[in-house]
Amino acid sequence: VGNYTLGRVIGEGSFGTVRIGIHRLTGTRVAIKHIPKSSSPPLLTREIHHHRRLHHPNVVQLYEVIATEHSIWLITELCAGGELFDYLVEKTRFTESETRRIFGQICLGLGYVHRAGVVHRDLKLENVLLDERCNPKLADFGFGREFEQRKLLDTFCGTTGYAAPEMLAGRKYLGEEVDIWSLGIIFYTLLSGSLPFDDDDEDVMKSLIMAGKFDVPDFLSNEAQDLISKILQQDPKARPSIENILSHPWF
């Protein structure tokens, strides 16, 4: 494909496969996402539009897009460490110092994305990839949406366990604060090894989220417990900004 030789499959998504690719001239290893045009998701154009503009060490880099008669190929930075979700499953849970390193970088990446005028809206452990040094990078901007300050959005996106209560309630929301909520879910899960709101029945899970009922593990430091409760606020306006999170005493 283009200047790339296709290697083994490293991932399967709902719309296509991801392979390792090698640039024929430079030998650079990349990830190549192959999406047949027949099954290309309606949000693909939006994903490409947003992703192309983003350049940050904690955001997966989109190098180029190749369109052929039947396929679209997205050439991105290779994240050899795989999904943060799989790494967490392997470790059960992270220490506070390891969480500080990984979560801090996720916050930096998201802060950059927000400053670029984009909200992610589907932040979860599966959408954070790791490079070979275990540095996290935000991926999958399929639900990404440009937002203008104070312009309200109203579509439900993302995954229930990470979704903010105002999204589930169908209320209009600004955008940034639903990503902050998802950050809180990621923070809690890295430290405890489980989601704060979890149930096999999705309706039960939704009602837990809407009620804001969750237990904070008492083995966490007081500062970590405080930061969790500050981020997972039912009132979107009460949630801290990314700057406030990064200046919290826990860091």
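In the working numbering, the protein residues as written are 2 to 252. For glycine and all other residues, C-beta sits at the position ideal for the given N, C-alpha and C. All figures in this text were calculated on a predicted structure; none of them were measured in a lab.
Q: List the endpoints of the continuous alpha helix (DSSP H) containing residue 99.
A: 97–116
Q | Contact the region 162–181 vs the region 230–239: 3+ CB pairs below 8 Å | A | yes
Q) Can the beta-carbon of residue 138 be found less than 9 Å from the beta-carbon of residue 130? A) Taking a C-beta distance under 9 Å as the contact criterion, residue 138 and residue 130 qualify as a contact pair.
Q | Exposure of residue 68, with buried meaning 16 or more beta-carbon neighbours within 10 Å | A | exposed
Q) Is it a yes or a no for the region 169–184 touching the region 80–89, going by three-plus beta-carbon pairs under 8 Å? A) Output reads no: the region 80–89 does not touch the region 169–184.
Q. Which value, in whole angstroms, describes the spacing of the CA atoms of residue 188 and residue 10?
A. 30 Å
Q: Please name the residue or residues paired with residue 72 in a DSSP beta bridge.
A: Its beta-bridge partners are 37.
Q: Use the C-beta contact count for residue 199: other C-beta atoms within 10 angstroms, 16 or more gives buried, fewer gives exposed.
A: exposed
**Q.** Length of the line joining the Cα atoms of residue 112 and residue 243
**A.** 6 Å
Q: Please name the residue, chosen from 50, 223, 108, 23, that lies closest to residue 58 on a Cα-to-Cα basis.
A: 108
Q.
Let me check understanding here. Comparing Cα to Cα, which of 117, 24, 35 lies closest to residue 60?
A. 117
Q: Report the residue from 246, 8, 65, 250 whose alpha carbon sits nearest the alpha carbon of residue 222.
A: Residue 250 holds the alpha-carbon nearest to the alpha-carbon of residue 222 among 246, 8, 65, 250.
Q) Taking residue 79 as the reference, which of 227, 228, 8 has the closest Cα? A) 8
Q: Would you identify the three-state DSSP class for residue 8, choosing helix, strand or coil?
A: strand
**Q.** Distance between residue 225 and residue 219 (C-alpha atoms, nearest Å)
**A.** 10 Å
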